[in-house]
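S.K.: Residue numbers (full-length UniProt numbering): 1 to 113.
Here is the structure:
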């Protein structure tokens, strides 16, 4: 995840822009946004692939594909247990993205509250 915001008032480095764009691209899919929501709201904050197919109405291979993209983007952690994989949100990932996309002045106002 890039450390400098594209809104910080100075140009973002190409590598940072590419990393941030990759994460945003991973988020820019309705099924992936629903997956993040389903996992976050699940008991213990984690979910098995087997529990995610029915709510999405997608096949297991399709759900696994979306989960792989979210994991590669650094948004999810994966833990293999037997034949199933369990996923949970990376605690700081969403907050980091929100900070990167919040202009510095608004960030200072938010923290002052």
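We put the beta carbon where it would ideally sit given N, CA and C, even for glycine.
Take residue 99 and list the residues in its own chain whose beta-carbon comes closer than 6 Å to its own, dropping the five residues that flank it on each side.
M.R.: none
S.K.: Can you look up residue 18 in the DSSP assignment and give me helix, strand or coil?
M.R.: helix
S.K.: Output the residue ranges of the alpha helix (DSSP H) runs that lie fully inside the UniProt domain "HTH arsR-type" (12 to 109) and measure 4 residues or longer, sorted by chain position.
M.R.: 14 to 27, 30 to 41, 49 to 56, 60 to 72, 93 to 101
S.K.: Touch check for the region 21 to 39 and the region 59 to 79: three-plus C-beta pairs under 8 Å?
M.R.: Between the region 21 to 39 and the region 59 to 79 there are three or more C-beta pairs closer than 8 Å, enough to call the two in contact.
S.K.: Rounded to whole angstroms, what's the CA-CA distance from residue 12 to residue 82? Just pull it up for me.
M.R.: For residue 12 and residue 82, the distance between alpha carbons rounds to 43 Å.
S.K.: Answer yes or no: do residue 27 and residue 75 have a C-beta to C-beta separation smaller than 9 Å?
M.R.: yes
S.K.: Which residue's Cα is closest to the Cα of residue 119: 97, 102, 48?
M.R.: Beyond the ends of the chain as shown, which are 1 and 113, falls residue 119; an answer cannot be given.
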